[in-house]
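Peer 1:
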Amino acid sequence: MKLKFIIFSLALAATGIIAQAVNPSFNVASYNLRNKNAVDDAAGNGWERRCPYVANLIRFHDFDIFGTQEGLNVQLEDLKKALPGYDYIGAGREDGKKEGEYSAIFYSTDLFEPVEHGDFWLSETPDRPGLGWDAACVRICTWGKFRHKPSGREFLFFNLHMDHVGTTARVESAKLIKRKIDELGSELPTFLTGDFNVDQHSPSYATITEGGTLLDSHDVADFVYQNNGTFNNYRTDGFSESRIDHIFVSPNVHVNKYGVLTDTYRTIEENSAPQKTTDAPAELKITTVKARTPSDHFPVKTVVELR
16 MKLKFIIFSL
26 ALAATGIIAQ
36 AVNPSFNVAS
46 YNLRNKNAVD
56 DAAGNGWERR
66 CPYVANLIRF
76 HDFDIFGTQE
86 GLNVQLEDLK
96 KALPGYDYIG
106 AGREDGKKEG
116 EYSAIFYSTD
126 LFEPVEHGDF
136 WLSETPDRPG
146 LGWDAACVRI
156 CTWGKFRHKP
166 SGREFLFFNL
176 HMDHVGTTAR
186 VESAKLIKRK
196 IDELGSELPT
206 FLTGDFNVDQ
216 HSPSYATITE
226 GGTLLDSHDV
236 ADFVYQNNGT
246 FNNYRTDGFS
256 ESRIDHIFVS
266 PNVHVNKYGV
276 LTDTYRTIEE
286 NSAPQKTTDA
296 PAELKITTVK
306 ARTPSDHFPV
316 KTVVELR
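Just remember that our numbering sits 15 ahead of the position in the sequence shown, which is counted from 1.
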C-alpha cells in the first residue's frame with residue numbers, strides 16, 4: 016500500500032512538471048515608476064524614499080517579468096540593486112543610450128533569458144530618436160524575445176509609454192506596435208505592457224484591440240481584482256474606474272488572474288500624533304501618520320499561461 020502511494024505521488028509530481036513544461040505559467044506586470052524629480056522630493060515622494068517600497072512590492076507580489084515606465088538610468092540601477100536575481104533591457108529615449116526616461120523590461124534571470132532585444136521610437140522614423148506626429152515628448156518602445164528557461168518556450172514582450180498629449184501620436188503608435196509584432200514574430204505568444212495615457216474607452220485603445228491580435232488581459236482574465244483605476248496622483252483618497260496602464264496579450268496567452276495592486280506605505284510627519292483607541296488592548300499603540308503610494312501609478316499584475 017505504501018509503495019502504491021509513493022508511485023501515485025511521483026506520478027502526480029511528474030504530471031505537474033510536464034504541464035508546466037507544456038504550458039508554462041508566470042507573472043507579468045506593468046509599473047510606472049514615476050521619474051526622479053525635485054518636485055516629488057519637496058512633497059515627500061522622492062525616489063530615495065519610494066524605492067525600497069517599490070522593490071519590496073515587486074518582490075512580495077512575485078513579478079517575474081515586468082515593463083517599467085519613466086525610470087531614469089539611476090532609478091533602474093537602484094532598482095536592480097534592490098532586486099537580486101533580476102536584470103533589465105532598455106535604453107534612454109533621448110539618445111538610445113542612457114539619456115532620458117526608459118521603457119525598460121525587468122526579468123527574473125532564473126526564469127528568463129533575452130534571445131534578442133532592441134528599441135524603437137514611436138514616430139515616423141522609429142529607428143532613431145525623435146518626436147512623433149503631434150507628441151509632446153520623445154517616446155520609445157523596448158522589446159525583447161525571451162526564452163522561458165524551464166520550458167524552452169519563447170515569447171515576445173513589448174513595453175512602452177505613450178504620449179500624454181498627442182492624440183494622433185497615440186493612434187499611430189498603436190498601429191506601429193502592431194506592425195512591429197508582425198515583423199518580429201506574430202506566431203509567438205506576445206505581451207504589450209505600458210502606460211498608454213488613455214483608458215479603455217479611447218480610440219488608441221480600440222486601435223490596439225481591433226482585429227483580435229491583442230486582447231486586454233483585464234477582459235479575458237478568469238479572475239479580476241480591481242479596486243481602483245491605475246493612476247493615483249500620489250493620493251490615497253481618490254477613486255477612478257479608468258485604467259491607463261494596460262497589459263495586452265495575444266490569443267495564445269491564457270490569463271488566469273488580473274489585478275491592480277493598491278499597496279500603500281506610511282511615513283511619520285511633523286503632525287504625527289498618538290491616536291486614542293477603544294475596544295482594544297492597552298498595549299496597542301496607533302499613530303496618525305501620512306499614507307503614501309510608492310508611485311503615482313498603481314502597478315498591474317497578471318498570472319498568465321502560455322498555451
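Think of the CB as a built atom: it goes at the ideal place given N, C-alpha and C, for glycine as much as any other residue.
Whose C-alpha, out of PHE78, ILE196, ILE73, is nearest the C-alpha of ASP134?
Peer 2: The shortest C-alpha separation from ASP134 is found at ILE196.
Peer 1: Express the C-alpha separation of LEU321 and HIS76 in angstroms, rounding to a whole number.
Peer 2: Each residue's alpha carbon lies about 20 angstroms from the other.
Peer 1: For HIS216, is the classification buried or exposed, using 16 other Cβ atoms within 10 angstroms of its Cβ as the cut-off for buried?
Peer 2: Answer is exposed; the Cβ neighbour count stays below 16.
Peer 1: Distance, Cα to Cα, GLY227 vs THR140?
Peer 2: Answer to the nearest angstrom: the Cα atoms are 27 angstroms apart.
Peer 1: At which residues does the alpha helix (DSSP H) containing SER123 begin and terminate?
Peer 2: Counting along the chain, SER123 falls outside any alpha helix (DSSP H), though it belongs to the beta strand (DSSP E) covering 120-123.
Peer 1: Kindly indicate which residue of ASN42, ALA58, PRO204 has the alpha-carbon position closest to the one of GLY274.
Peer 2: Out of ASN42, ALA58, PRO204, ASN42 has the C-alpha closest to the C-alpha of GLY274.
Peer 1: Starting from the C-beta of ASP278, find all residues in its chain whose C-beta is less than 6 angstroms away, skip the five residues before and the five after it, and write them out in chain order.
Peer 2: LEU72.
Peer 1: Inspect the beta-carbon positions of PHE161 and TYR122 and report whether they are closer than 8 angstroms.
Peer 2: A contact, by the Cβ cut-off of 8 angstroms.
Peer 1: GLU116: buried (16+ other C-beta within 10 angstroms of its C-beta) or exposed?
Peer 2: GLU116 should be labelled buried.
Peer 1: So who's on the other strand from PRO129, going by DSSP bridges?
Peer 2: Note: PRO129 sits in a beta bridge opposite PHE161.
Peer 1: Using the beta-carbon count (16 or more within 10 Å), is THR245 buried or exposed?
Peer 2: Buried, since its Cβ has 16 or more Cβ neighbours within 10 Å.
Peer 1: By the three-class DSSP mapping on this structure, what secondary structure does GLU109 have?
Peer 2: In this structure, GLU109 counts as coil in the three-state DSSP scheme.
Peer 1: Are the CB atoms of SER45 and ASP260 within a distance shorter than 8 angstroms?
Peer 2: Yes. Within cutoff.
Peer 1: First and last residue of the beta strand (DSSP E) that includes HIS216?
Peer 2: Where HIS216 is concerned, there is no enclosing beta strand (DSSP E), given that its DSSP letter is neither H nor E.
Peer 1: How would you label ASP299, buried or exposed, when you count the other beta carbons within 10 angstroms and need 16 or more for buried?
Peer 2: Before going on, a small fix: residue 299 reads as Leu here, not Asp. Exposed, by the Cβ-count rule.
Peer 1: GLU225 to LYS190, Cα distance in whole Å?
Peer 2: Near 10 angstroms, if we compare the C-alpha coordinates of LYS190 and GLU225.
Peer 1: What residue range is occupied by the uninterrupted beta strand (DSSP E) comprising ASP56?
Peer 2: Unbroken run through ASP56 is the alpha helix (DSSP H), 53-57; no beta strand (DSSP E).
Peer 1: Would a C-beta distance cut-off of 8 angstroms place LEU199 and TRP136 closer than the cut-off?
Peer 2: Their beta carbons are not under 8 angstroms apart, which means LEU199 does not touch TRP136 by this criterion.
Peer 1: For VAL304, which residues in the same chain have their Cβ closer than 7 angstroms to its Cβ, ignoring the five residues on either side in sequence?
Peer 2: The answer, listed in chain order, is ARG281, THR282, ILE283, GLU284, SER287.
Peer 1: If LEU175 and CYS156 are in contact, beta carbons under 8 angstroms, what's the gap, nearest whole angstrom?
Peer 2: That pair is a contact at about 4 angstroms.
Peer 1: Put LYS273 into one of helix, strand or coil per three-state DSSP.
Peer 2: Residue 273 is actually Tyr in this sequence, not Lys. Strand at TYR273.
Peer 1: Going straight from the alpha carbon of ASP311 to that of GLY105, what length do you get?
Peer 2: Answer to the nearest angstrom: the Cα atoms are 22 angstroms apart.
Peer 1: Can you tell me whether ILE32 is buried or exposed? The criterion is at least 16 other CB atoms within 10 Å of its CB, across all chains shown.
Peer 2: Reliability fails at ILE32, whose pLDDT of 47 lies under 50, so the model's placement of it is uncertain and the value that follows must be treated cautiously. Exposed, by the Cβ-count rule.
Peer 1: For a quick check, are the C-beta atoms of GLY145 and SER118 less than 8 angstroms apart?
Peer 2: No, these two residues do not count as a Cβ contact at 8 angstroms.
Peer 1: Are the beta-carbon atoms belonging to GLU85 and LEU48 less than 8 angstroms from one another?
Peer 2: Result yes, Cβ atoms of GLU85 and LEU48 sit closer than 8 angstroms.
Peer 1: Give every residue of the same chain whose Cβ lies closer than 7 angstroms to the Cβ of ALA306, excluding the five residues on either side of it in the sequence, and list them in chain order.
Peer 2: These residues qualify, in order along the chain: THR251, THR279, ARG281.
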